[in-house]
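Chemist: When you read off a place in the sequence shown, starting at 1, and then add 17, the result is the number in our numbering.
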Amino acid sequence: MATGSVTLLEAAKYGDDQLKRGVVETLIQESPILEMMPQTAISGNALKVQVENTLPAPAFRDVNESYSRTHGTDTERYFGTAILGGEVFIDNYLVRVRGNVTSVKARQYAKFAKAMSRTYDKYFFDGTGTAKDFKGINALIDEGLGQKVLNASGGGALTLAKMDEAHDELRSQSSADVILMNRTVRRKLTDLGRNSAGYFSLIDVGDDRFGRQIMQWNGIPVRIIGDDKDGNAILGYDEDPGDGTSDTTSIYYVAFGEDENVTGLLGLGGSFDVVDFGETEAAPGHMGRVEVYPGVAIYNPLSIVRQYGITNA
Numbered sequence: 018m019a020t021g022s023v024t025l026l027e028a029a030k031y032g033d034d035q036l037k038r039g040v041v042e043t044l045i046q047e048s049p050i051l052e053m054m055p056q057t058a059i060s061g062n063a064l065k066v067q068v069e070n071t072l073p074a075p076a077f078r079d080v081n082e083s084y085s086r087t088h089g090t091d092t093e094r095y096f097g098t099a100i101l102g103g104e105v106f107i108d109n110y111l112v113r114v115r116g117n118v119t120s121v122k123a124r125q126y127a128k129f130a131k132a133m134s135r136t137y138d139k140y141f142f143d144g145t146g147t148a149k150d151f152k153g154i155n156a157l158i159d160e161g162l163g164q165k166v167l168n169a170s171g172g173g174a175l176t177l178a179k180m181d182e183a184h185d186e187l188r189s190q191s192s193a194d195v196i197l198m199n200r201t202v203r204r205k206l207t208d209l210g211r212n213s214a215g216y217f218s219l220i221d222v223g224d225d226r227f228g229r230q231i232m233q234w235n236g237i238p239v240r241i242i243g244d245d246k247d248g249n250a251i252l253g254y255d256e257d258p259g260d261g262t263s264d265t266t267s268i269y270y271v272a273f274g275e276d277e278n279v280t281g282l283l284g285l286g287g288s289f290d291v292v293d294f295g296e297t298e299a300a301p302g303h304m305g306r307v308e309v310y311p312g313v314a315i316y317n318p319l320s321i322v323r324q325y326g327i328t329n330a
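1) Start and end of the alpha helix (DSSP H) containing V114?
2) What are the boundary residues of the alpha helix (DSSP H) that includes E93?
3) Check whether the Cβ atoms of R86 and D245 lie closer than 8 Å to each other.
4) Tell me the DSSP secondary structure of N70 in three-state form.
5) Mapping the DSSP letters down to three states, classify F151 as helix, strand or coil.
6) In three-state DSSP terms, what is M18?
7) Less than 7 Å between C-beta atoms, sequence neighbours within five positions excluded: which residues of the same chain meet that for A330?
8) Return the residue from the list D91, Y140, L177, I107 that minimises the CA-CA distance to K149.
9) Check this for me: beta carbons of I327 and N168, under 8 Å apart or not?
10) Would you call the region 255 to 271 and the region 193 to 203 in contact, with 3 or more CB pairs under 8 Å?
11) State the Cα-Cα distance for the pair D138 and V112, rounded to the nearest angstrom.
12) Leaving out the 5 sequence neighbours to the left and right, which residues in its chain are closer than 6 Å to P49 when beta-carbon positions are compared?
13) Consult DSSP for M54 and reduce its assignment to one of helix, strand or coil.
14) Measuring CA to CA, which of E42, P311, L162 is closest to A63?
15) Go to A314, then tell me how far its beta strand (DSSP E) extends in each direction, as first and last residue.
16) State buried or exposed for E298, treating a residue as buried only when at least 16 other CB atoms are found within 10 Å of its CB.
17) How do the region 244 to 264 and the region 63 to 76 stand: do at least 3 beta-carbon pairs fall below 8 Å, yes or no?
18) Measuring alpha carbon to alpha carbon, tell me which of Q46, L252, G146, L36 ends up nearest G228.
19) Kindly list the residues whose CB is nearer than 6 Å to the CB of G146, restricted to its own chain and excluding five residues on each side of it in sequence; keep chain order.
20) With three or more beta-carbon pairs closer than 8 Å as the criterion, would you say the region 95 to 104 touches the region 301 to 317?
21) Check each candidate in G287, K37, P301, S320 and name the one with the smallest Cα separation from Y126.
22) Which of helix, strand or coil does DSSP assign to R204?
23) What distance in whole Å lies between the Cβ atoms of R323 and G163, which are believed to be in contact at a cut-off of 8 Å?
24) Should H88 go down as buried or exposed, given a rule of 16 or more other Cβ atoms within 10 Å for buried?
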């Protein structure tokens, strides 16, 4: 059962736990997904959603004529959450050498939050839901909860025309809230706009919620998805478009929204635990724990589009 929705950015503004606020702020600064996507708190570990299937059929009628009964249909789906977190340990040596336990702890928690945000981003796309992780958008799209547009048979270079075609498949609202891609594709998009007559006006510059400059395409923020915690590209050129060769990547057009489009999930009532246990007896150091219960839900299959088969050409 959903209990409310808020972005992590808004959630970080409230509460008097400075350590927790610092962790959350680092998470959203490192992840454009967590920065922008609303998070729906659910009371348990799964959310039951009625995914729109068909619409009712309005009709005209003559005087004294009755209407035919009609109704829309929905498909019942369940979206689950997983447990993501870990323990932070700060050796007493670091505390004593640096002389400021607060700053030493803040640095280590910031490092952990950075790694955690990159892990979340990876599984937002690639989670299977079959192991300990949650089911990501690639698996959900393959199940029919999103649209797929092949860039070119066997893979092909990015074109503005194909981007227009892919974006038109997003019909839950007039335009996407964000376009997600890797750095190389972003650079190629800039080059296309610069060298295509009449198209450069579609490429603009805006700011994210922290005032950092970002690119826009048709007024839609273009956000870069970088590397996972191990330094591997999350949206690398490692996808097989169907020709048996893994040499392409994807672009994602996403519309966010609670109860209607794509939303994040936070299980156990939106619990986000950041606990500092202080110095431990078992080991010479200070220990803490960070834990959250994330997931992803797609209410409308027309709210997300994956344009795949894009080569590095």
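Yeah, the Cβ is synthetic: ideal placement off N, Cα and C, and Gly gets one too.
Modeler: Reading from the atomic positions:
1) As a first step, residue 114 is located in the sequence shown; it is residue number 97 there, counting from the start. From DSSP, the alpha helix (DSSP H) with V114 extends over 109 to 115.
2) Here residue 93 refers to the residue found at position 76 of the sequence shown. Counting along the chain, E93 sits inside no alpha helix (DSSP H); it lies in the beta strand (DSSP E) bounded by residues 90 to 97.
3) For this step, residue 86 is matched to residue 69 along the sequence shown. For this step, residue 245 is matched to residue 228 along the sequence shown. Judged by beta-carbon spacing, D245 lies beyond the 8 Å limit of R86, meaning their Cβ atoms are not closer than that value.
4) Indexing the sequence shown from 1 puts residue 70 at position 53. For N70, the secondary structure class from DSSP, reduced to helix, strand or coil, is strand.
5) Against the sequence shown, residue 151 aligns to sequence position 134. If DSSP states are grouped into helix, strand and coil, F151 belongs with coil.
6) For the purposes of this step, residue 18 is taken as the residue at position 1 of the sequence shown. Because the pLDDT at M18 is just 49, under 50, the model does not fix this residue reliably, and the point stays unresolved.
7) Reading the sequence shown from its first residue, position 313 is the one you call residue 330. Cβ within range, chain order: A174.
8) In the sequence shown, residue 149 corresponds to position 132, counting from 1. Comparing Cα positions, the closest option is Y140.
9) Within the sequence shown, residue 327 is the residue found at index 310, counting from 1. Within the sequence shown, residue 168 is the residue found at index 151, counting from 1. Annotated as proximal: I327 and N168, with beta-carbon spacing under 8 Å.
10) Output reads yes: the region 193 to 203 touches the region 255 to 271.
11) One-based indexing of the sequence shown puts residue 138 at position 121. One-based indexing of the sequence shown puts residue 112 at position 95. Across the structure, D138 and V112 are spaced so that their CA atoms are roughly 31 Å apart.
12) For the purposes of this step, residue 49 is identified with residue 32 of the sequence shown, where counting begins at 1. A distance below 6 Å between beta-carbons, with the five flanking residues on each side excluded, links P49 to the following residues of its chain, in chain order: R240.
13) Here residue 54 corresponds to residue number 37 of the sequence shown, with the count starting at 1. It is coil, neither helix nor strand.
14) Residue 63 sits at position 46 when you count from the first residue of the sequence shown. Nearest C-alpha to A63 among E42, P311, L162: P311.
15) As a first step, residue 314 is located in the sequence shown; it is residue number 297 there, counting from the start. Residue range 311 to 315 is occupied by the beta strand (DSSP E) that includes A314.
16) The residue you call residue 298 lines up with position 281 of the sequence shown. That one is exposed.
17) The region 244 to 264, when compared against the region 63 to 76, does not touch it at the 8 Å Cβ threshold.
18) By 1-based counting over the sequence shown, the position of residue 228 is 211. Of the candidates Q46, L252, G146, L36, the residue whose Cα lies closest to the Cα of G228 is Q46.
19) Looking up residue 146 in the sequence shown gives position 129. Cβ within range, chain order: K152.
20) Enough Cβ pairs lie closer than 8 Å, so yes.
21) For this step, residue 126 is matched to residue 109 along the sequence shown. Just measuring C-alpha positions, the residue of G287, K37, P301, S320 sitting nearest Y126 is K37.
22) Taking the first residue of the sequence shown as position 1, residue 204 is located at position 187. In the structure shown, R204 sits in a helix (DSSP, three-state: H, G or I).
23) On the sequence shown, position 146 is the one that residue 163 refers to. On the sequence shown, position 306 is the one that residue 323 refers to. G163 to R323, Cβ: 6 Å. Contact.
24) Numbered from 1 along the sequence shown, position 71 holds the residue referred to as residue 88. Around the beta carbon of H88, fewer than 16 other beta carbons sit within 10 angstroms, so the residue counts as exposed.
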